[in-house]
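Residue numbers (my numbering): 14 to 187.
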Amino acid sequence: MSETVRVLLSEEEVDKKIAEVAKQISADYEGEQVHLICVLRGGVFFTCELAKRLTIPVSLDFMSVSSYGMDTKSCGVVKIIKDLDDGIEGKNVLVVEDIIDSGRTLSYLLENLKNRNPKSLKLCTLLDKPERRVVEVDVDYTCFNIPDEFVVGYGLDYAQKYRNLPYIGVVELD
Numbered sequence: 014m015s016e017t018v019r020v021l022l023s024e025e026e027v028d029k030k031i032a033e034v035a036k037q038i039s040a041d042y043e044g045e046q047v048h049l050i051c052v053l054r055g056g057v058f059f060t061c062e063l064a065k066r067l068t069i070p071v072s073l074d075f076m077s078v079s080s081y082g083m084d085t086k087s088c089g090v091v092k093i094i095k096d097l098d099d100g101i102e103g104k105n106v107l108v109v110e111d112i113i114d115s116g117r118t119l120s121y122l123l124e125n126l127k128n129r130n131p132k133s134l135k136l137c138t139l140l141d142k143p144e145r146r147v148v149e150v151d152v153d154y155t156c157f158n159i160p161d162e163f164v165v166g167y168g169l170d171y172a173q174k175y176r177n178l179p180y181i182g183v184v185e186l187d
């Protein structure tokens, strides 16, 4: 089976929206520092682009949480592969994710982080598929709501391919 990739959101559209969301986050946290938690691997591209555009003090840490494997659908099993290096108690925490689909992974992750007593805990995502939600999660900052299609690019992958695309594309299996 082979696949092709069709452009859903252009590089220019993605860059413009990230700048808009960064401006809103900077305004919301004005006078404060925000601690970004990048959800690896897919979130790294978005996190870097977002962080570059923030005008407030930023610190950064990484987590790796998995619920997919090598398929196009979530398997429903969530596990922490890499935990934070630093504590978050008393910090304004902003979890940065590439995509929210079923909500299982983020629900689990947010509950885990809430138990670590941050000052505040918010969620920012590049892409959201609200109609796929199995578990509700409150998303504070969303760049794009997208249809229920399997997307790649800007950090998102299909079997570890296509992460480096500078746009958001839809994988079409032939």
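C-beta atoms are modelled at their ideal positions from N, C-alpha and C, and glycine is treated no differently.
Check: Inter-stretch contact at 8 Å, needing at least 3 Cβ pairs: the segment 70-79 / the segment 128-135; Outcome: no
Check: Assigned secondary structure, Lys142 (DSSP; H/G/I helix, E/B strand, else coil); Outcome: coil
Check: Between the CA atoms of Ser72 and Gln46 - distance to the nearest angstrom; Outcome: 8 Å
Check: DSSP state of Val27 mapped onto helix, strand, coil; Outcome: helix
Check: Selected residue, minimal CA-CA separation from Leu63, among Leu122, Asn125, Leu53, Thr138; Outcome: Thr138
Check: Tyr167 vs Tyr180 beta-carbon contact at 8 Å; Outcome: yes
Check: For Phe75, the three-state DSSP class (helix, strand or coil); Outcome: strand
Check: Cβ-heavy atom distance, Asp98 to the ligand PLP, below 7 Å; Outcome: This structure lacks the ligand PLP, and indeed carries no ligand of any kind.
Check: Which residues DSSP lists as bridging Asn177, in chain order; Outcome: None; Asn177 has no bridge partner.
Check: Span separating the alpha-carbon of Arg19 from that of Leu140; Outcome: 16 Å
Check: Any 3 or more C-beta pairs closer than 8 Å across the segment 30-43 and the segment 95-104; Outcome: no
Check: Three-state class that DSSP yields for Lys65 in the structure shown; Outcome: helix
Check: Cutoff 8 Å; reference Glu43; Cβ partners in own chain excluding five residues on either side; Outcome: Ile69
Check: Residue from Val147, Ile159, Glu102 whose Cα sits closest to the Cα of Leu119; Outcome: Val147
Check: Close-in-space but distant-in-sequence residues of the same chain around Lys104 (CB under 7 Å, 5 per side omitted); Outcome: His48, Pro131, Lys132
Check: For Glu185, three-class secondary structure by DSSP; Outcome: strand
Check: Same chain only: Cβ atoms within 8 Å of Lys142, ignoring 5 sequence neighbours per side; Outcome: Ile112, Ile113, Asp114, Asn158, Ile159, Pro160, Asp161
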